[in-house]
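In the order they appear, the protein sequences are chains A and B. Each residue of the first sequence is one higher than the last, beginning at 1 in this note's numbering. Each residue of the second sequence is one higher than the last, beginning at 1001 in this note's numbering. Taking it in order: structure first as structure tokens, then the write-up.
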Amino acid sequence: MSENPERRGMHDMGGDPDHRWSGPVPRAEHVLAPWEKEVDAIRTLLGRKGLQTADELRLGIEKLSGEDYARLSYYERWTRSVVHTMELKGIIAPGAFAAKVAALKGQR
Amino acid sequence: MPHDGHDHDHGHDHDHAPPPDDPSFSSDQAIAARALRLLLEEAGILAPGEVARQIDRMDGIQPSMGAAVVARAWADPAFHDRLIATPVAACSELGVDLQGTHLHVVENTASVHNVIVCTLCSCYPKMLLGIPPDWYKSYEYRSRAVIEPRAVLAEFGVAVPEEIEVRVHDSTADLRYLVLPARPAGTEGWSEEKLAAIVTRDAMIGTAIPSA
Chain A
1 MSENPERRGM HDMGGDPDHR WSGPVPRAEH VLAPWEKEVD AIRTLLGRKG LQTADELRLG
61 IEKLSGEDYA RLSYYERWTR SVVHTMELKG IIAPGAFAAK VAALKGQR
Chain B
1001 MPHDGHDHDH GHDHDHAPPP DDPSFSSDQA IAARALRLLL EEAGILAPGE VARQIDRMDG
1061 IQPSMGAAVV ARAWADPAFH DRLIATPVAA CSELGVDLQG THLHVVENTA SVHNVIVCTL
1121 CSCYPKMLLG IPPDWYKSYE YRSRAVIEPR AVLAEFGVAV PEEIEVRVHD STADLRYLVL
1181 PARPAGTEGW SEEKLAAIVT RDAMIGTAIP SA
């Protein structure tokens, strides 16, 4: 990806210069899972509190590697971005998110 | 988005986490979301119950709110003009609080058809129409809507005649769009309620055209 400086970021897909997404628009719709609503709500509240603007949300998503961007689902990308912003702002300590995830996984 | 099958007791604090026998409860995604919420609650950024209340608030935002705005614009020429000139204030007349969204209303006419996309992500008038549909967030829609909108519209069953200009609006974090569809023939004398019933979510994105 970095070999060609002209190549745009994964997120910058308007016009599809590489014809990666030239297929039909997928039309299946799903009702958001509870965890997806949870992430959406967290982000909205952080936005309202001035702790993560929509631009900061996008920046955190755009910093993902192309592989992660393609691999992660929509709200998984949001989760990554919110954690990134909260770490940058010192609200979540480095390593604290991974530790919390591990602790919760230990309970299941 | 419709409620997911259970009734909410509005006005009370409650946790939206599904019961542990729900397979999604222990998915990696659900654990990541819960971890994030708990850390923010521990940091004092989010109050316990605040996320649940926000989920309820978002569940309450449905495309029917946008449809009511469109129907009013069709029925009331003065409101129509206010909606074009000052969309946020006009929406508030119907009790819709756009919560800081900068909204621009683009009107379909006999010579112009408008369609909305967010090529970079998924910006959308969420406080008016609710959560955007999956296809709006799809890579194919984001990629193709700006270079071959007529082909994309055709997939949605919308055939725009050659003599009608197609305008594609690329939303940003700071500016969201709402398509004001043209009022279809055969709806003369209809009540606002009856008009609103034919205004679909997709019609307000530009990928559908209301018909009587």
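Heads up, the beta-carbon is just placed ideally off N, CA and C, and yes, glycines get one too.
The C-beta distance from Leu-1046 of chain B to Arg-1037 of chain B rounds to 7 Å, short enough to meet the 8 Å contact threshold. A straight line joining the alpha-carbon of Met-1127 of chain B with that of Asp-40 of chain A spans about 13 Å. Remark: C-beta atoms of Ala-1196 of chain B and Ala-1043 of chain B do not approach each other more closely than 8 Å. Under the Cβ criterion of 8 Å, Thr-44 of chain A is counted among the residues facing chain B.
Its Cα nearest to that of Arg-1183 of chain B, the residue B:Ser-1191 stands out among B:Tyr-1177, B:Ser-1191 and B:Arg-1142. Against Gly-23 of chain A, the close residues of chain B are Glu-1140, in the order they occur along the chain (beta-carbon pairs closer than 8 Å).
Nearest to Gly-1206 of chain B by C-alpha distance, out of B:Phe-1079, B:Ser-1026, B:Ala-1159 and B:Gly-1189, is B:Ala-1159. For Pro-1133 of chain B, the chain A residues whose Cβ falls inside 9 Å of its Cβ are Arg-27 and Glu-29, in order along the chain. Distance from the CA atom of Gln-107 of chain A to the CA atom of Ile-1116 of chain B, rounded to whole angstroms, is 44 Å. From the listed residues B:Thr-1187, B:Gln-1054, B:Glu-1163 and B:Leu-1120, the smallest Cα separation to Val-1112 of chain B is found for B:Glu-1163.
Take Tyr-1124 of chain B, set aside five residues on each side of it, and the residues of its chain with a beta-carbon closer than 7 Å to its own are Cys-1118, Pro-1132, Tyr-1136, Ser-1171 and Arg-1176, in chain order. Counting other Cβ atoms within 10 Å of its Cβ, Ala-1052 of chain B reaches 16 or more and is therefore classed as buried. Under the Cβ distance rule, His-11 of chain A counts among the residues neighbouring chain B, one pair being separated by less than 8 Å. Counting along the chain, Glu-1093 of chain B sits inside the alpha helix (DSSP H) bounded by residues 1087-1093. At a beta-carbon threshold of 8 Å, none of the residues of chain B lie near Gly-60 of chain A; the nearest stands roughly 11 Å away.
By the neighbour-count criterion, in which a residue is buried when 16 or more other Cβ atoms sit within 10 angstroms of its Cβ, His-1169 of chain B is buried. Here the alpha carbon of Pro-1087 of chain B sits roughly 31 Å from the alpha carbon of Arg-77 of chain A. With 16 or more neighbouring CB atoms inside 10 Å of its own CB, Gly-1130 of chain B falls in the buried class. For Arg-1144 of chain B, same chain residues with a beta-carbon under 6 Å away, outside a window of 5 residues either side, are Val-1152 in chain order. Counting along the chain, Asp-55 of chain A sits inside the alpha helix (DSSP H) bounded by residues 54-62.
The secondary-structure analysis by DSSP pairs Leu-1178 of chain B across a beta bridge with B:Val-1105. Within the DSSP secondary-structure output, Arg-1167 of chain B pairs in a beta bridge with B:Asn-1114.
In this structure, DSSP gives Lys-89 of chain A a state outside helix and strand, which the three-state scheme calls coil. Rounded to whole angstroms, the Cβ separation of Ala-1030 of chain B and Trp-21 of chain A is 28 Å, and the two are not in contact under 8 Å. Under the 8 Å Cβ criterion, the region 53-71 of chain A counts as touching the region 79-89 of chain A, having at least three qualifying pairs. The alpha-carbon of Met-10 of chain A is positioned some 12 Å away from that of Arg-71 of chain A.
Cα atoms of Leu-1040 of chain B and Pro-1077 of chain B: separation of roughly 47 Å, rounded to the nearest angstrom.
Within chain B, the C-beta atoms nearer than 8 Å to that of Thr-79 of chain A come from Gln-1029, Ala-1032, Ala-1033 and Leu-1036, in chain order. Burial is judged here by how many other beta carbons sit within 10 angstroms of a residue's own beta carbon; Lys-37 of chain A has at least 16 and is buried. Annotation: Ile-91 of chain A to Thr-1187 of chain B spans about 55 Å, alpha carbon to alpha carbon.
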